[in-house]
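My numbering applies: residue -2 is where the sequence shown begins, and numbers increase by one. The C-beta atom is built at its ideal place from N, Cα and C for all residues, glycine as well. Have a look at the structure below, then the notes.
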Amino acid sequence: MKYVHVKYVLLDRGFLFCDVINVLLNLKLKYIMPAIKNDKIKQIVKDNSNKASYFLKYTMRSGRKNATFNLMVKYDEKDKEYYTFATNLK
-2 MKYVHVKYVL LDRGFLFCDV INVLLNLKLK YIMPAIKNDK IKQIVKDNSN
48 KASYFLKYTM RSGRKNATFN LMVKYDEKDK EYYTFATNLK
């Protein structure tokens, strides 16, 4: 951070952990990564299946830790699939 200006951090879903998200937030870095479609996220997608794309606040919990981020859901017409992302972008 001392020598390189980081504008955005792009991560794969393997980094979707409370600790990682909280570090990114503490460093005030903008990030985006695919969100793992756990049962809770699958239910959110199912409940909003009439929408092509949307954002909502989502809190992930792991033991005593938690992290809140924007859950971005986007429907891809070509693939006929919903894609989910964890981000702090608007």
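In the three-state DSSP reduction, residue 6 falls in the strand class (E or B). Assignment of beta strand (DSSP E) within the region 38 to 87, counting only whole runs of 3 or more residues, yields 50 to 59, 62 to 73 and 78 to 84 in chain order. The C-beta distance from residue 27 to residue 1 rounds to 15 Å, too long to meet the 8 Å contact threshold. Assignment of residue 18 by DSSP, reduced to helix, strand and coil, places it in the helix class. In the same chain as residue -2, and ignoring 5 residues on each side of it, the C-beta atoms closer than 8 Å to its own belong to 24, in chain order. Taking all protein chains in view, the Cβ of residue 18 is crowded by 16 or more other Cβ atoms within 10 Å, so the residue is classified as buried.
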